[in-house]
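In the UniProt record's numbering, the protein residues as written are 1 to 518. Built from N, CA and C at the ideal position, the CB exists for glycine as well. Every value quoted in this text rests on a predicted model; they were computed, and no experiment measured them.
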């Protein structure tokens with residue numbers, strides 16, 4: 001993992017005219033999160049933006065002081081000679097953050113990496129394993145800094161979890177891990193039933209789009225506990241031996257559609273719509289998640305109505321516009337209409353073989369990942385790690401009392417890590433504090449952590465003359481191969497779910513690479 005107090009962005013100071021400059025492709029939620037982190041937590045400069053939606057592009061450019069010549073209507077426009085000249089005249093670009101829809105990642109990354117830019121790609125890396133492998137090949141040819149939006153690795157909570165387990169060995173050798181990702185009932189309906197990730201053919205299975213960074217966390221703990229160093233055999237990855245998965249599209253399907261319900265919540269009979277917890281009117285307007293119920297003009301409302309904060313008018317006029325967009329667009333669709341096909345409940349079981357000579361990080365072990373739509377919590381992950389000397393309970397939920405209340409200022413939330421020792425009564429239930437997380441960063445501070453690591457890796461290469469491999473290892477803490485492995489495991493698990501068969505991971509991976517000729 002990144003050594004954040006190494007010589008980097010803050011020590012020693014340098015002429016900030018040499019600060020790394022970044023292009024953000026995709027001015028939506030993820031692009032804004034990373035840009036905000038770059039601006040507030042690093043010496044990096046958000047220098048250019050590309051987005052086809054005028055409102056998003058211009059709003060983003062205004063927030064970060066991007067001049068008109070560096071505001072591009074499409075990522076392909078960036079490749080034009082006149083655009084390259086404008087970028088060069090303004091100081092150049094050192095890195096690009098690709099925050100577009102999943103199915104566009106591969107084309108953009110493969111086109112831009114040869115320009116000599118370092119690259120961060122939002123997760124998932126691509127929507128096919130073949131495209132992931134093609135990106136890996138392009139990155140390795142270019143010898144550039146590479147980061148993937150596996151933000152969970154970079155939160156204060158998970159960095160402490162990793163240190164306690166892999167360096168302090170607080171539970172001894174890890175034998176089993178139970179990891180749960182509660183997506184949240186209305187979050188799942190918003191993103192995976194009505195939203196951009198509802199169709200496997202377009203964006204991939206939900207175990208990929210929602211949980212590739214959960215799989216990455218498990219691999220980080222169990223497969224690659226330390227960044228790979230060719231000179232250190234102990235850092236060689238301990239690969240899973242087998243993968244098995246089961247799961248279903250249990251609820252969001254046509255058989256659960258009430259008789260006489262229409263295809264859109266805005267036209268559904270009141271007797272049905274009023275009794276449906278997934279009513280778009282409730283979620284986007286009336287509930288605490290909505291524009292009236294919670295006076296909320298952020299996610300998920302601004303996904304439906306991006307201009308909601310800047311449009312003139314009162315709440316009533318904005319509500320009328322929101323209703324119109326629900327009536328005309330996908331976010332008003334009945335969740336039982338059958339337009340979606342990604343599963344809403346899935347379990348993945350991974351096993352690692354060992355041998356009589358293996359010990360420590362290479363001993364036999366298992367890990368289970370449960371992803372479910374049916375939870376009140378939204379992405380508040382819980383993990384139990386069982387070891388030979390104790391167990392550790394990780395909870396990323398934030399007690400309500402710690403959340404900032406209206407007119408009460410801001411208080412930082414605390415997640416929790418508790419360890420239990422089998423032999424030491426004094427350590428029977430010990431709480432470890434990961435420190436405060438920035439709730440406005442996203443993912444418990446992980447968004448800021450990843451953006452900071454990426455900027456400082458680029459900075460180390462550009463300003464301090466570090467070798468790319470050293471900066472990748474010290475700041476990013478993982479290579480493109482680890483990112484691709486987490487994605488491959490998602491597809492392997494999905495194949496297992498569909499076939500009902502346990503998969504040999506190494507055999508499956510080798511077959512895929514052979515079939516693609518990569």
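Legend entry - Extent of the continuous beta strand (DSSP E) run through residue 352: 345 to 352
Inset, instruction - Report yes or no: do three or more beta-carbon pairs, one from the stretch 367 to 380 and one from the stretch 335 to 347, lie closer than 8 Å? - result: yes
Legend entry - Pair within 7 Å by beta-carbon distance, residue 64 and residue 35: yes
Legend entry - Cβ neighbours of residue 458 in the same chain (closer than 7 Å, five flanking residues each side left out): 20, 94, 95, 118, 145
Legend entry - Backbone CA spacing between residue 555 and residue 160 [nearest angstrom]: Any question about residue 555 goes unanswered here, given that the chain covers just 1 to 518.
Inset, instruction - Please report how far the alpha carbon of residue 488 lies from the alpha carbon of residue 143, in whole angstroms. - result: A straight line joining the alpha-carbon of residue 488 with that of residue 143 spans about 22 Å.
Legend entry - Rounded separation between residue 500 and residue 248 - CA only: 12 Å
Inset, instruction - Give the DSSP bridge partners of residue 454, in chain order. - result: In DSSP, residue 454 forms no bridge with anything.
Legend entry - Assigned secondary structure, residue 411 (DSSP; H/G/I helix, E/B strand, else coil): Note on residue 411: pLDDT 42, under 50, position unreliable in the model; no value is reported.
Inset, instruction - Measure the beta-carbon distance from residue 138 to residue 121 and round it to whole angstroms, keeping in mind my assumption that it falls under 8 Å. - result: 11 Å between Cβ atoms; not a contact.
Inset, instruction - Please list, in chain order, all residues of the same chain as residue 462 whose beta carbon is under 8 Å from its beta carbon, the five residues on each side excluded. - result: 18, 20, 94
Inset, instruction - Thinking residue 338 and residue 254 are a contact (beta carbons under 8 Å), I'd like their distance in whole angstroms, please. - result: 4 Å
Legend entry - residue 510 to residue 351 span [Cα, whole Å]: 18 Å
Inset, instruction - Taking residue 223 and residue 237 to be in contact with their CB atoms under 8 Å, please state how far apart those CB atoms are, rounded to whole angstroms. - result: 5 Å
Inset, instruction - Drop a sphere of 10 angstroms on the beta-carbon of residue 490, count the other beta-carbons inside from all chains shown, and report buried for 16 or more, exposed for fewer. - result: buried
Inset, instruction - Kindly provide the ranges of any alpha helix (DSSP H) runs that are 4 or more residues long and lie completely inside the stretch 116 to 174, ordered along the chain. - result: 129 to 142, 156 to 166
Legend entry - Assumed close pair residue 198, residue 152 - CB separation to whole angstroms, cut-off 8 Å: Residue 198 to residue 152, Cβ: 23 Å. No contact.
Legend entry - N-terminal and C-terminal residue of the beta strand (DSSP E) that residue 487 is part of: First-last for residue 487: 480 to 499, but that is the alpha helix (DSSP H), not the beta strand (DSSP E).
Legend entry - Same chain, Cβ closer than 8 Å to residue 494, neighbours up to 5 away in sequence not counted: 205, 207, 208, 245
Legend entry - residue 446 and residue 33 closer than 7 Å at C-beta: no
Legend entry - Rounded separation between residue 326 and residue 221 - CA only: 42 Å
Inset, instruction - Pick out whichever of 30, 88, 492 has its Cα sitting closest to the Cα of residue 448. - result: 30
Inset, instruction - With DSSP collapsed to three states, give me the class of residue 205. - result: coil
Legend entry - From 241, 45, 15, 377, residue whose alpha carbon lies closest to that of residue 452: Of the candidates 241, 45, 15, 377, 45 places its Cα closest to the Cα of residue 452.
Legend entry - Closest residue to residue 125 among 203, 291, 465 (Cα-Cα distance): 203
Inset, instruction - Give the DSSP-derived three-state secondary structure of residue 422 in the structure shown. - result: coil
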